[in-house]
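This report refers to the structure that appears directly beneath it.
Protein chains: 2
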Amino acid sequence: MENLNEFLNCYNEKDHSIALNNRNIYVSYSGDYKGNPINHVHNSCELLFIEQGGGEYKIRDQQYHIEKNGVLIIGGTDPHSRRFTQVPCIRYGLTVLPAFLQSLPVINSYMNVYRTHSPEEANKLRGIDDVTFNRMVSIIWQLREETKDNGQGKGDMVYALLLEMTIILNRLLQLEKQDISGMYKTMSDIKNYIDFHYAENLSLEELSRIFYLQPNTISKNFRKTFEKNINSYIHSVRVSNAVRVLEKNDISITELSEVVGYASVNTFLRQFRESLGISPLQYKKQFEQYKEDAGKTRLTWDIREKKKY
Amino acid sequence: MENLNEFLNCYNEKDHSIALNNRNIYVSYSGDYKGNPINHVHNSCELLFIEQGGGEYKIRDQQYHIEKNGVLIIGGTDPHSRRFTQVPCIRYGLTVLPAFLQSLPVINSYMNVYRTHSPEEANKLRGIDDVTFNRMVSIIWQLREETKDNGQGKGDMVYALLLEMTIILNRLLQLEKQDISGMYKTMSDIKNYIDFHYAENLSLEELSRIFYLQPNTISKNFRKTFEKNINSYIHSVRVSNAVRVLEKNDISITELSEVVGYASVNTFLRQFRESLGISPLQYKKQFEQYKEDAGKTRLTWDIREKKKY
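First to last, the protein sequences are chains A and B. Residues in the first sequence are numbered consecutively from 62, following our numbering. Residues in the second sequence are numbered consecutively from 62, following our numbering.
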């Protein structure tokens with residue numbers, strides 16, 4: 062391992078923040094010395110591959126331990142915070158938009174991989190053998206190359222690499238392949254519709270009109286398919302998007318709540334606090350502080366580049 | 062490199078011969094000390110990845126040089142022979158049935174990879190940089206694991222690995238992605254039909270009846286799409302299959318010619334000789350000798366297994 066001081070937070074790469082909500086796929090490499098406990102939420106599903114160090118993640122209301130040779134999967138729109146107990150905590154990050162994964166053949170049968178797992182289930186991704194763990198890291202490196210270059214067949218290569226990663230994770234988690242026809246397909250379509258139309262009217266009546274299904278059929282089957290209440294899901298998508306807008310812009314709370322689809326500012330404020338435990342203004346302040354801390358460290362990819370994984 | 066005497070021909074693995082015509086995918090690892098010049102033909106497309114040594118291949122009427130860090134692609138049903146100039150010539154082999162590749166989404170747009178290339182084009186696969194070459198070898202190793210085990214999502218993993226390999230090769234060859242709609246699709250369907258129904262009547266009139274196209278439309282477009290005369294293609298599929306039957310069975314030439322779809326023994330004999338330069342009986346004799354030579358060497362995968370690529 063090279064000089065540890067060289068390891069740093071490359072979350073400040075210029076695209077990182079946008080990526081969390083709007084990029085199909087994004088890879089990062091970072092190492093933190095302090096366990097910044099900022100609350101965090103985004104549309105993308107986040108996968109962390111721990112190379113060194115350790116800590117705790119809180120996702121929704123559950124605690125997860127991370128350590129060397131472990132992978133942690135955080136479902137899209139699930140609020141999470143972290144605390145590092147062994148620093149630096151050096152890890153690769155892979156974020157992928159669920160709607161993008163859903164659009165990919167074969168991978169769309171393995172979407173159960175890309176959600177927050179129960180702590181028991183998540184244990185299957187701890188203490189992974191070196192061969193398997195290094196293979197995943199090598200896929201991350203190749204994805205890094207692909208997302209940075211404009212190679213021939215780049216989209217197809219990203220697809221191949223993601224499919225490989227998906228099956229490795231699915232084997233570790235020992236999940237069943239999903240039948241993607243029928244009601245599952247319809248519910249996925251509704252979920253994707255919410256992801257892209259969060260700023261519009263998403264009442265059950267409106268969704269019912271668009272998808273030709275009874276409101277309570279939608280509500281019942283959405284919960285059955287994704288183990289989430291559809292209204293909570295809509296709120297979480299709106300809050301995730303609000304967070305990204307907040308990070309990038311100076312905007313009034315009234316305007317912000319409208320931009321992400323709320324008719325009532327009060328509902329927006331209540332939902333934001335429910336997700337992140339703080340108000341939008343407090344979040345903005347914390348984020349500025351976080352960015353400043355992160356900005357003090359330098360990027361790491363270049364150093365590792367020499368290693369030729 | 063371990064003791065070279067340990068490197069040997071693992072073409073005598075029990076499935077190798079069957080694999081060449083009937084397995085979707087098969088991987089091998091072999092090293093020959095002598096340049097056995099046996100003429101060879103099979104349905105599968107064969108990819109050779111040269112690790113050490115060198116030699117010459119003759120494919121149809123063209124000469125190809127192989128050497129370290131080179132890949133040679135031999136199109137399905139193309140007769141070929143070899144002569145090693147630097148022994149042992151140690152190489153990984155990947156054989157894939159064209160009809161199988163054609164059935165795989167995305168890969169079916171890159172079918173131009175899986176044919177015999179002109180010697181100029183084939184030069185692009187010589188002297189490949191170590192990183193890229195090792196990545197391909199690592200894919201071969203993973204394919205080996207997948208085709209040997211019964212892992213969860215095995216078919217999907219093989220697909221991911223083949224897609225990755227396909228795009229790497231396509232980048233090296235700098236080929237265009239194929240539009241797989243319209244006439245290309247129809248011609249591929251006809252080609253696959255021939256691959257599976259070689260024992261039946263494949264006259265242009267019969268194909269015309271099955272595919273609702275004028276005989277000369279089929280004939281013209283088949284040549285345009287695959288750069289091969291459709292009747293020559295039919296002969297080459299029949300001869301490839303005859304060769305496999307011959308290797309495995311004691312069968313009369315009359316019976317053999319019928320089994321692979323010939324009404325006339327003379328046509329069969331003429332086509333066989335045109336493909337392989339010898340008669341079926343001479344081939345059988347040569348093959349027995351070849352098998353005996355190969356049987357004296359042992360398999361290599363097990364030795365390499367320890368290396369954990």
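All C-beta atoms, glycine included, are put in the ideal place defined by N, C-alpha and C. On a predicted model such as this, the values are computed, not experimentally measured, just so you know.
Is residue i helix, strand or coil when you go by DSSP?
i, result
"A/Leu133", "strand"
"A/Cys71", "Low per-residue confidence applies at A/Cys71: pLDDT is 41, beneath 50, and the placement is therefore not dependable enough to give any value."
"B/Asp311", "coil"
"A/Pro166", "coil"
"B/Ile339", "coil"
"A/Gln213", "coil"
"A/Lys352", "helix"
"A/His296", "helix"
"B/Asn241", "The question names Asn, but residue 241 of chain B in the sequence shown is Ile. Three-state result, B/Ile241: coil."
"A/Gln235", "coil"
"A/Ser142", "strand"
"A/Val148", "strand"
"B/Lys367", "Residue placement at B/Lys367 cannot be trusted, given a pLDDT of 44 that sits under 50; what the coordinates show is reported in the next sentence. Here B/Lys367 sits in coil by DSSP."
"A/Ser249", "helix"
"B/Glu206", "helix"
Within the continuous beta strand (DSSP E) that includes residue i, where are the two ends?
i, result
"A/Val88", "86-93"
Can you name the residues of chain B whose CB is closer than 9 Å to the CB of residue i?
i, result
"A/Met218", "Leu224, Glu225, Ile228, Ile229, Arg232"
For the alpha helix (DSSP H) containing residue i, name the first residue and the last one.
i, result
"B/Lys385", "Outside the shown range of chain B, which is 62 to 370, sits residue 385 of chain B, and nothing can be said about it."
"B/Leu109", "Careful: B/Leu109 lies outside any alpha helix (DSSP H), inside the beta strand (DSSP E) at 106-120."
"B/Glu128", "From DSSP, B/Glu128 is part of no alpha helix (DSSP H) but of the beta strand (DSSP E) over 123-128."
"B/Ile271", "265-272"
Kindly list, in the order they appear in chain B, the residues whose Cβ is closer than 7 Å to that of residue i.
i, result
"A/Ala221", "Ala221, Leu224, Glu225, Ile228"
"A/Pro166", "Pro166"
Under 8 Å between beta-carbons, which chain B residues line up against residue i? List them in chain order, please.
i, result
"A/Gln239", "In chain order: nothing, as chain B lies at least about 12 Å away."
I want to verify the contact list: residues of chain A whose CB lies under 8 Å from the CB of residue i, in sequence order.
i, result
"B/Gly212", "Arg232"
**Message:** With three or more beta-carbon pairs closer than 8 Å as the criterion, would you say the segment 136-153 of chain B touches the segment 87-95 of chain B?
**Reply:** yes
**Prompt:** What runs of the alpha helix (DSSP H), each 4 residues or longer, lie entirely inside the segment 151-196 of chain B?
**Reply:** 159-163, 180-183
**Request:** May I ask you to verify whether the segment 230-240 of chain A touches the segment 205-214 of chain B, counting CB pairs closer than 8 Å and requiring at least 3?
**Result:** yes
**Request:** Decide if the segment 238-251 of chain B is in contact with the segment 296-315 of chain B; the criterion is three or more beta carbon pairs, one per stretch, under 8 Å apart.
**Result:** no
**Asked** Can you find at least 3 beta carbon pairs, one from the segment 123-133 of chain A and one from the segment 160-167 of chain A, that sit closer than 8 Å?
**Response** no
**Asked** So, do the segment 297-308 of chain B and the segment 320-337 of chain B have three or more beta carbon pairs nearer to each other than 8 Å?
**Response** yes
**Asked** Okay, do the segment 254-266 of chain B and the segment 192-206 of chain B touch, 3+ Cβ pairs below 8 Å being the bar?
**Response** no
**Item:** Sufficient close CB pairs (3 or more, under 8 Å) joining the segment 264-284 of chain B to the segment 325-332 of chain B
**Value:** no
**Item:** Cβ contact check for the segment 179-188 of chain A and the segment 137-145 of chain A: 3 or more pairs under 8 Å
**Value:** no
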